[in-house]
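S.K.: Here the numbering used here is used: position 25 in the sequence shown is 41, and no number is missing along the way.
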Amino acid sequence: MLTGKRSYSMTAYFNTISDEKFDHQSARQMIYFKTRRKEIEDTPLNEPLSHDMLTSMIIKNTLRDGNYIETDEANRSMTDSEIRVNLLDRISNGMHKINF
17 MLTGKRSYSM TAYFNTISDE KFDHQSARQM IYFKTRRKEI EDTPLNEPLS
67 HDMLTSMIIK NTLRDGNYIE TDEANRSMTD SEIRVNLLDR ISNGMHKINF
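1. I'd like to know whether the C-beta atoms of I56 and T71 end up nearer to each other than 8 Å.
2. Could you tell me the alpha carbon to alpha carbon distance between S66 and D58, rounded to whole angstroms?
3. Apart from the five residues just before and just after F74, which ones in its own chain have a Cβ nearer than 8 Å to its Cβ?
4. Scan the stretch 39-65 and note each continuous alpha helix (DSSP H) run of 4 residues or more that stays entirely inside, going in chain order.
5. Can you look up D81 in the DSSP assignment and give me helix, strand or coil?
6. For a quick check, are the C-beta atoms of M69 and R44 less than 8 Å apart?
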């Protein structure tokens, strides 16, 4: 799974945290990313996190990353926009089939 959540439960999840129904998918994704970041921040360092693509992208180049090396700005953590683009790229390329 890409995000660690079932796709059909995400809509119900967003409808429970807000009275507004979001029409734009990118707005819903950004809220989901921020919610997941908050969950990761609230999790103690000694507790394991779920092994999904979204969590891996969020913790990349942070203290939670197993390969973390403190250097300069080149190794900053990914922004929500960068994560959204990478996830959409993985989904679209996973559905595309090439016939030779």
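All C-beta atoms, glycine included, are put in the ideal place defined by N, C-alpha and C.
M.R.: On the basis of the supplied data:
1. For the purposes of this step, residue 56 is taken as residue 40 along the sequence shown, with counting starting at 1. For the purposes of this step, residue 71 is taken as residue 55 along the sequence shown, with counting starting at 1. Yes.
2. The count along the sequence shown starts at 1 and reaches residue 66 at position 50. The count along the sequence shown starts at 1 and reaches residue 58 at position 42. Rounded to whole angstroms, S66 to D58 spans 14 Å at the Cα level.
3. The residue given as residue 74 occupies position 58 in the sequence shown. For the sequence presented, residue 74 should be read as Ile rather than Phe. Within the same chain, and ignoring the five residues on either side of I74 in sequence, the residues whose Cβ sits closer than 8 Å to its Cβ are F49, R52, R53, I56, S93, M94 and I99.
4. For the stretch 39-65, the continuous alpha helix (DSSP H) assignments of 4+ residues that do not extend past its boundaries occur at 41-58, in sequence order.
5. What you label residue 81 is simply residue 65 of the sequence shown in a count that begins at 1. The answer is coil: DSSP assigns D81 none of H, G, I, E or B.
6. Indexing the sequence shown from 1 puts residue 69 at position 53. Indexing the sequence shown from 1 puts residue 44 at position 28. Their beta carbons are not under 8 Å apart, which means M69 does not touch R44 by this criterion.
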